[in-house]
Amino acid sequence: MSAPRGAEDAYIALGANLGQPLETLRWAVTEVARLGEVRGVSGLYRTAPVGGPPGQPAYLNAALCLRTDLPPLELMSALHAAEARAGRQRRERWEARVLDLDLIVYGDRVEAGPPLTLPHPRAWERAFVLAPLSDLNPELASPQTGETVAHALARADRSGLQLQAANWLRPS
Numbered sequence: 195m196s197a198p199r200g201a202e203d204a205y206i207a208l209g210a211n212l213g214q215p216l217e218t219l220r221w222a223v224t225e226v227a228r229l230g231e232v233r234g235v236s237g238l239y240r241t242a243p244v245g246g247p248p249g250q251p252a253y254l255n256a257a258l259c260l261r262t263d264l265p266p267l268e269l270m271s272a273l274h275a276a277e278a279r280a281g282r283q284r285r286e287r288w289e290a291r292v293l294d295l296d297l298i299v300y301g302d303r304v305e306a307g308p309p310l311t312l313p314h315p316r317a318w319e320r321a322f323v324l325a326p327l328s329d330l331n332p333e334l335a336s337p338q339t340g341e342t343v344a345h346a347l348a349r350a351d352r353s354g355l356q357l358q359a360a361n362w363l364r365p366s
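In this note's numbering, each number is its position in the sequence shown, counted from 1, plus 194.
Laid out in structure tokens, this is it:
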């Protein structure tokens, strides 16, 4: 689906640590592409779990930029529907998951949900979100604070963060 005039850029974080995370993230990019025009996909990062129950496997994380005309809440609902199709069940906060799709930034919108908070409330604190966003647009600024991704990443704790592949969408 190509994005119509009047569309905005939405930045979406992708993560998975159950099942076959690489294949799931590749599938997720295809699913999200149905919601607009994918303008860029970051490298793939292996990251240590942050929060949640102990003993979780490492995550694979990435981000993409989607040009879409869907309103933010409708986009978030579509992302949740894709997670459900992938087999995600929401039982415990920060639990291991088959797929996690988070709407990080939508244009210059600031919303103080519920049901939606934009920009994502913890994105500018987490290297596993910032590193993939930096691949796409290091000068992307938080619509709320004006801080760029590059600046936030420079001060973030990057321990447990490893670039796995720059070009990971096609099977090798």
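From the three backbone atoms N, C-alpha and C, an ideal C-beta is built for every residue, glycine too.
Using only CA atoms, which one of I206, E202, W221 and G230 lies nearest to P365?
As a first step, residue 365 is located in the sequence shown; it is residue number 171 there, counting from the start. Closest option to P365, judged by alpha-carbon separation, among I206, E202, W221 and G230: W221.
My understanding is that V235 touches A256, with C-beta atoms under 8 angstroms, so please give their C-beta distance in whole angstroms.
One-based indexing of the sequence shown puts residue 235 at position 41. One-based indexing of the sequence shown puts residue 256 at position 62. About 6 angstroms separates the two Cβ atoms, so the contact holds.
Going by C-alpha to C-alpha distance, which of A207, G200 and A360 sits closest to P315?
On the sequence shown, residue 315 is found 121 positions in, with the first residue counted as 1. Among A207, G200 and A360, the Cα nearest to that of P315 belongs to A207.
From G200 to T262, what distance separates their C-alpha atoms?
Numbered from its first residue, the sequence shown carries residue 200 at position 6. Numbered from its first residue, the sequence shown carries residue 262 at position 68. Answer to the nearest angstrom: the Cα atoms are 9 angstroms apart.
Measure the Cβ-Cβ separation of L254 and V232 and say whether it is below 7 angstroms.
Numbered from its first residue, the sequence shown carries residue 254 at position 60. Numbered from its first residue, the sequence shown carries residue 232 at position 38. Not a contact, by the Cβ cut-off of 7 angstroms.
Can you list the alpha helix (DSSP H) stretches of 4 or more residues lying completely in the region 239-305, in chain order?
266-279
Any heavy atom of the ligand NAD closer than 6 angstroms to the beta-carbon of S271?
The ligand NAD is not part of the structure shown, which contains no ligands of any sort.
I'd like to check one pair, L293 with A210: are the Cβ atoms closer than 7 angstroms?
Position 16 of the sequence shown, counting from 1, holds the residue named residue 210. Position 99 of the sequence shown, counting from 1, holds the residue named residue 293. In this structure, L293 lies closer than 7 angstroms to A210 by Cβ.
Classify E319 as helix, strand or coil using the three-state DSSP reduction.
Mapped onto the sequence shown, residue 319 falls at position 125. Helix at E319.
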